[in-house]
Structures are given as structure tokens and as C-alpha cells.
């Protein structure tokens, strides 16, 4: 089975500061990778997904960007954080035989002040 | 876009009873529907997947049904235990493009009372 690592676990950042969240995957190769945000009282919102190295698709226009420099590495970034960027960020992966189910990482709790 | 509805009110249920959750969706018919469990402060964990040509799926004490005519899925936890207390998320594929993107409902909290 695959394991998803995310760091940091928690982050408090001032408005206007940059952001970099990292996700790495073990136990599979060539996975589809996903970034979600879960705001308080809201469901999971798909932000970006990637089907391969360097291939990024954005689901919603926003202040964030994503990159996939390696097969099992997915990075979420921002040049200048907004208050509305606060939330619980989750990385997910499919692959390894079953391409339908998603395996989630432990998440990063981001608070923008 | 796909709209997914789950009951926003928490379901409080006595231990040993069956908990039943509902997931309703609009717009296009998904190729499959999934249920996940999420504990506070943690990522969701996959439970069950049911495809459009399947009526029912079981896994231990869990059962999922899928009615494509009603555009509804029911999720049952039989012989519920306090350890089943969590939020349960319904998820549908966002398109038959092979990218396996999922749209999630907001989730339905279950509280099992000992």
C-alpha cells in the first residue's frame, strides 16, 4: 500500500508571506496526485491535480500554484498569502493497481494571520 | 458542476444500532461513488467504492447502495460502535476522463453513544 507524507503539519504565516507545502508518496509509481483544501465547515475542494511530472491542472482560479518536479513529489506554493488561504491542505494519490480510490496524507493546517 | 448533498446535522445513534447516511447528487451520472471516513484533524480514509452498474456493496459492517435513478447513495453502519464515531464523506468522480478527480460532499458526522 502507498504512504503519503506531508509537511509541515501546522503552519502559521502572516498575510503577504510566501508558502511552500510539500507532499511525497511512497509505495507506488506514476501516481495521479491531488491537492485539496478543506476550509472550516466546508467540504474538500480540489485545487490541483497532476497525471505526470510537470503536468499540472488547476480546478479553480486562486492565489496558489502547484508543481510536480519528480514522479512522487507534489508541491503547493503561493507568492503572497491571503487570509482566505487559511485551511486544512490535503495531498492525495491514486495508483498502485486501483486508480479509482484516493489515499490521503495527514494534512497541513495553515493559518494566515 | 456536480452538486453533492449530505445531511449537515450530526447523527447521534445508540451503540449497536444501524446508522444510515444519505448522499444525493445532481447533474451528470458518475461512473462510481466512494465513501470515506475522516477523523478530526486527519486526512480521509477510503472505505468503499461502488460502480454505476452495482446496486450494493458490503465490507464487514458497512454497506453501500447506489440508485442511479434516484441519484442517491445510502451508507449503512450496522452494529455501530463508539469507534465508528467520525465524519463520513461521499465522493463522486468528476468526469469520465480517466483522471479520477473526485468531488466531495461536506460530510455527515456520526456520534455513536455507548
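Residue numbers (my numbering), protein chains in the order written: chain A, 1 to 113; chain B, 1 to 114.
Even glycine gets a Cβ: it sits at the ideal position worked out from N, Cα and C.
Just so it is clear, the structure is predicted and the values come from calculations on it, not from any experiment.
Per DSSP, what kind of secondary structure is residue i in: helix, strand or coil?
i	result
residue 39 of chain B	coil
residue 81 of chain A	coil
residue 103 of chain B	strand
residue 67 of chain B	strand
residue 69 of chain A	strand
residue 84 of chain B	helix
residue 62 of chain A	coil
residue 75 of chain A	strand
residue 141 of chain B	Lying outside 1 to 114, the shown extent of chain B, residue 141 of chain B is not represented and no answer is given.
residue 148 of chain B	Past the edges of chain B, shown from 1 to 114, lies residue 148 of chain B, and the structure says nothing about it.
residue 28 of chain A	coil
residue 43 of chain A	coil
residue 19 of chain A	strand
residue 113 of chain A	coil
residue 53 of chain A	coil
residue 92 of chain A	strand
residue 104 of chain A	strand
Sort the options by Cα distance to residue i and report the nearest one.
i	options	result
residue 24 of chain A	A:18, A:5, A:42 and A:100	A:5
residue 21 of chain B	B:52, B:35, B:31 and B:98	B:35
residue 31 of chain B	B:59, B:99, B:7 and B:110	B:99
residue 112 of chain A	A:88, A:77, A:81 and A:100	A:81
residue 103 of chain A	A:17, A:35 and A:56	A:35
residue 108 of chain B	B:88, B:84, B:96 and B:16	B:88
residue 29 of chain A	A:73, A:90 and A:109	A:73
residue 28 of chain B	B:7, B:17 and B:52	B:52
residue 14 of chain A	A:31, A:101, A:92 and A:78	A:78
residue 15 of chain B	B:76, B:106, B:81 and B:58	B:81
residue 61 of chain A	A:71, A:85 and A:52	A:85
residue 17 of chain A	A:105, A:44, A:83 and A:43	A:83
Within a Cβ cutoff of 7 angstroms, which residues of the same chain sit near residue i, ignoring the five residues on either side of it in sequence?
i	result
residue 103 of chain B	2, 4, 91, 92 and 94
residue 56 of chain A	48, 50, 66, 67 and 68
residue 85 of chain B	110, 111 and 112
residue 96 of chain B	31
residue 97 of chain A	Confidence at residue 97 of chain A is low in this model, with a pLDDT of 49, below 50, so the placement of that residue should be treated as unreliable; the coordinate-derived value is given next. Closer than 7 angstroms at Cβ, skipping near neighbours: no residue.
residue 79 of chain B	16 and 61
residue 54 of chain A	68
Within its chain, find whatever has a CB closer than 6 angstroms to the CB of residue i; leave out the 5 residues flanking it on each side and keep chain order.
i	result
residue 65 of chain B	56 and 74
residue 109 of chain A	10 and 88
Looking only at its chain, what residues have a beta carbon closer than 8 angstroms to the beta carbon of residue i, apart from the 5 residues adjacent to it on each side?
i	result
residue 38 of chain B	44, 45, 86, 87, 88, 89 and 107
residue 59 of chain B	47 and 48
residue 27 of chain A	1, 2, 3 and 96
residue 54 of chain B	66
residue 10 of chain B	108, 109, 110 and 111
Any C-beta of chain E sitting closer than 9 angstroms to the C-beta of residue i?
i	result
residue 57 of chain A	In the displayed structure, chain E is absent; the protein chains listed are A and B.
Anything in the stretch 4 to 26 of chain B with a Cβ closer than 7 angstroms to a Cβ of chain A? List those residues in chain order, please. none
Whole runs of the beta strand (DSSP E) within the stretch 3 to 47 of chain B, excluding any shorter than 3 residues: 4 to 6, 11 to 14, 19 to 25 and 32 to 38
Beta carbons nearer than 9 angstroms to chain A: which residues of the stretch 28 to 44 of chain B have them? From the stretch 28 to 44 of chain B, only 31, 32, 34, 36, 38, 41, 42, 43 and 44 have a Cβ closer than 9 angstroms to chain A.
Listed in chain order, which residues of the stretch 80 to 110 of chain B have Cβ atoms closer than 9 angstroms to some Cβ of chain A? Correct list: 89, 91, 93, 94, 98, 99, 100, 101, 102, 103, 104, 105, 106 and 107.
What are the residues of the stretch 40 to 55 of chain A that lie near chain B, defined by any Cβ-Cβ distance shorter than 7 angstroms? Cβ contacts with chain B: 42, 43, 44, 46, 49 and 51.
Short-range partners of chain A found in the stretch 44 to 71 of chain B, where Cβ spacing is below 8 angstroms: 44, 45, 46 and 49
If the cut-off is 9 angstroms on Cβ atoms, which residues from the stretch 97 to 111 of chain A count as contacting chain B, listed in chain order? 98, 99, 100, 101, 102, 103, 104, 105, 106, 107 and 109
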